[in-house]
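In order, the protein sequences belong to chains A, B and C.
Following the numbering used here, the numbering of the first sequence begins with -17 at its first residue and continues without gaps.
Following the numbering used here, the numbering of the second sequence begins with 356 at its first residue and continues without gaps.
Following the numbering used here, the numbering of the third sequence begins with 21 at its first residue and continues without gaps.
Written out below as structure tokens is the structure these notes cover.
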Amino acid sequence: MTLQALLVVAAALFGVGLYGALSQQVVVMVMMGLELMLNGVVLAAAAMWWFLAPDPTGQVLILVVVAAMTVEMAMGFAVATLLHRSRSADMTDMATDLSR
Amino acid sequence: MPEVVTVGAAWAVPAALLLGLVAVVAASADAVMVARRDGVDVRTGAIAPLAETARLLRQPRRVTPAADAPLWRVGRGGLLVAALLMVAVVPWGSWVPADLPVGVVWFNAVDVTVWAFVWLAGWGPNAAFSLVGAYRFLAQALAYELPLMFALTAPALAAGSLRVADVAAAQQGLWFAVWMPVAFAVYCLGVLGFAVWGPLAPPTGGDIAGGVLAEVSGPDRLLLLAGRYALLAAGAVFAVPLFLGGGAGPLLPGWLWVLVKALVLVVALVAVGRRLPALRPDRFLELGWMVLLPAVLLQVLVVALVVVL
Amino acid sequence: MTVLADVVFWVLAVIAVVAGAWVFRFDSMARATYALAVSFVAVGLALLLVDLDYVGMVVVLMMVMEMAVMAVYMIMFMGMNPALMPMSMVHDNRKAVVAAVAGFVLLGGGALLVPWPVRRGVPAPDGTAALGEALMGSKMLVMMAVSPVMVATIVAGIAIAAPRGRYDRLGDDLDRGRADDPQPGGVGR
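If you want it as structure tokens, here you go:
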């Protein structure tokens, strides 16, 4: 178990999550991709903490990432609910008004 | 730091047996109460758990069309596993199977996995009433889980440690149940919640044909029912170091005191749970967030003031 | 011990990545959600290996809870159900694969090629207590920043998602004694 090993696993999680976030059409599935990317970030932060600078700052950083995940989920669910209620849309392609 | 001996992994077996004993006593107590209500011989009630086990072991399994078999299996088996993981951090007097420095958080994390297991048990059979029961459970879990979290915080705060043995040792003078009654009551309600028992049993209610239990029979049903009683028992066992002074007591050895206290609490939970009316999940949600959560937060504030002063 | 830790870590790593990949391969919404939960639990347990007891348990706790709720939303909002009607639910698949592989190669290569500095300092004997003291001491500003963000999230989430506002509930002049709710609450408001 080395720093490199943990970081490569974290990169793999990040890559899989990136694939999901880019390729999925349904809003909730996109959120799952984002969560998986943040999962990789948590693991990478833990690896850096343990192998480079094991003081409490790293732990605080991980808690902030977890907090960011909860905010992402809560706002994602709220927006998905609103989209679904107002136009029965569940796909990202149906909510592209702002891109035009 | 109070000395507890971390015993080897093999000692998880006696801990599991003790948990099983508490669970069987809970099931027997329930059956005895039913027998007394119905005017049946109490002795048939006392052996009812054994009879039911024998009956279910011989019953064929029910299979439903297009069931999600792997997830269903995880849900059915998960409750029992969660109960065993909960008691893994409980010190039985001076010995403990796993002496985690964050035992209280461990208990909390494991009781959250019950959300997943009950929902999966309801999702698996691909049946409407099962899924209604599963959704009911999530709705009431959202109501009991946050108060339960803060109720777990109170003893840890008073003891200044998340290690279960430290929490038990911090109650030399006075049990936490005595001077933090709100936290203890909310904890007990949370135990009834994750054991899907008593007033919080609507996910398995008769009005939805048994809900999560509607489509399971034979050994599968036995696993789920045993898992519920094991969770009730695990909640009672964990309450002993957290609120009831751990293994402290005259004459008897520590582990026996833990067992006695857990048995008394589990029978009390069964008796009180039988007498309370069912809480409708939609109503209970508001109750949990508007009443229980502020109450337990005030309790934590009081505990914090006592600790600081 | 270190060999055991190595084995445990690699098992958890494989579980985390494979479960993460299954999230986007399963047809069933429940399976996809709980595959993600498994991935999080594996990472949470891996954190225990590097002495992050408290943070690891919090990751498990939070994520199992989130995924249990996530499953509800998945089933509610997946208008097209790939379990009933097999279909491809992806767009720009090739670009996404290229981006994901590029991201992995970039990050993984960086992890292997960067000359990492040597470890600075030693972990506190009780990491959880050190974390608590940091949060209540030198890092308090972080928590003070996170808490208003959380409150804002709760308020904004409800404001966005709630179908009926207070004028629907209490009348145009807010003078209705009891709120007119389709689903009465539990405390009799």
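For glycine and all other residues, C-beta sits at the position ideal for the given N, C-alpha and C.
Under the three-state reduction of DSSP output, W447 of chain B falls in the strand class.
Listed along the chain, the chain A residues whose CB falls inside 7 Å of the CB of Y93 of chain C are V10, F59, A62.
Secondary structure at V31 of chain C: helix, using DSSP grouped into helix, strand and coil. For T148 of chain C, the number of other beta carbons within 10 angstroms of its own is at least 16, and it is reported as buried. Apart from sequence neighbours up to five positions away, the residues of its chain that approach S59 of chain C with a beta-carbon distance below 8 Å are I35, A36, V37, A39, G40, V43, ordered along the chain.
By the neighbour-count definition (other C-beta atoms within 10 Å, threshold 16), Q203 of chain C is an exposed residue. Chain order gives the chain B residues near A88 of chain C as W470, A471, W474, L493, where near means a beta carbon separation below 7 Å.
Excluding residues up to 5 positions away in sequence, nothing lies with its Cβ nearer than 8 Å to the Cβ of L133 of chain C in the same chain.
Scanning chain B for C-beta atoms nearer than 7 Å to the C-beta of R45 of chain C yields nothing, as the closest lies near 14 Å away. Boundaries of the alpha helix (DSSP H) around E54 of chain A: 38 to 69. R67 of chain A has a beta carbon lying within less than 9 Å of a beta carbon in chain C.
With contacts defined by Cβ atoms closer than 9 Å, Q654 of chain B and A509 of chain B form a contacting pair.
Residue contact with chain A for D112 of chain C: present (Cβ-Cβ distance below 9 Å to some residue of chain A). Residue contact with chain A for P183 of chain C: present (Cβ-Cβ distance below 9 Å to some residue of chain A). Sequence-ordered contacts of the region 15 to 28 of chain A with chain C read E17, L18, N21, V24, L25, A28 [C-beta pairs closer than 7 Å]. For the region 54 to 67 of chain C, the residues whose beta carbon sits under 9 Å from a beta carbon of chain B are, in order, Y54, A57, V61, G64.
A direct Cα-Cα distance of roughly 7 Å separates D73 of chain C from L67 of chain C.
Nearest CB-CB separation between R431 of chain B and chain C: not below the 9 Å threshold.
No Cβ of chain B is located within less than 9 Å of the beta carbon of A120 of chain C. With a threshold of 9 Å between beta carbons, E500 of chain B makes contact with chain C.
In terms of Cβ geometry, V541 of chain B and L647 of chain B form a close pair [threshold 9 Å]. Separation of the CB atoms of G128 of chain C and V(-10) of chain A is rounded to 5 Å, and the pair is thereby assigned contact status at 8 Å.
Between L501 of chain B and W474 of chain B, the CB-CB gap reaches or exceeds 9 Å. In terms of beta-carbon proximity, V37 of chain C lines the interface with chain A, with at least one pair separated by less than 9 Å. By the Cβ neighbour-count rule, S485 of chain B is buried, with 16 or more other Cβ atoms within 10 Å of its own.
For Q6 of chain A, the three-state secondary structure derived from DSSP is strand. Taking every protein chain shown into account, the CB of R51 of chain C has 16 or more other CB atoms within 10 angstroms, so this residue is buried. Sequence-distant partners of G604 of chain B (beyond 5 residues in either direction) whose C-beta falls short of 7 Å from its own C-beta, in its chain, are W612.
Counting along the chain, no alpha helix (DSSP H) covers L664 of chain B, and no H or E run does either. Residues of chain A with a Cβ closer than 8 Å to the Cβ of L72 of chain C are, in chain order, A28, W31, W32, Q41, I44. Within chain B, V460, N463, A464, V467 have C-beta atoms less than 8 Å from the C-beta of L81 of chain C, given in sequence order. Around the beta carbon of S5 of chain A, 16 or more other beta carbons lie within 10 angstroms, which makes this residue buried. Distance check between P145 of chain C and each of C:V70, C:A116, C:A131 places C:V70 closest, using alpha-carbon atoms only. The beta carbon of S48 of chain C falls within 9 Å of a beta carbon belonging to chain B, placing the residue at that interface.
Neighbours of D146 of chain C in chain B, taken as residues whose beta carbon is under 8 Å from its own, are P456 in chain order. Remark: C-beta atoms of M85 of chain C and V53 of chain A do not approach each other more closely than 9 Å.
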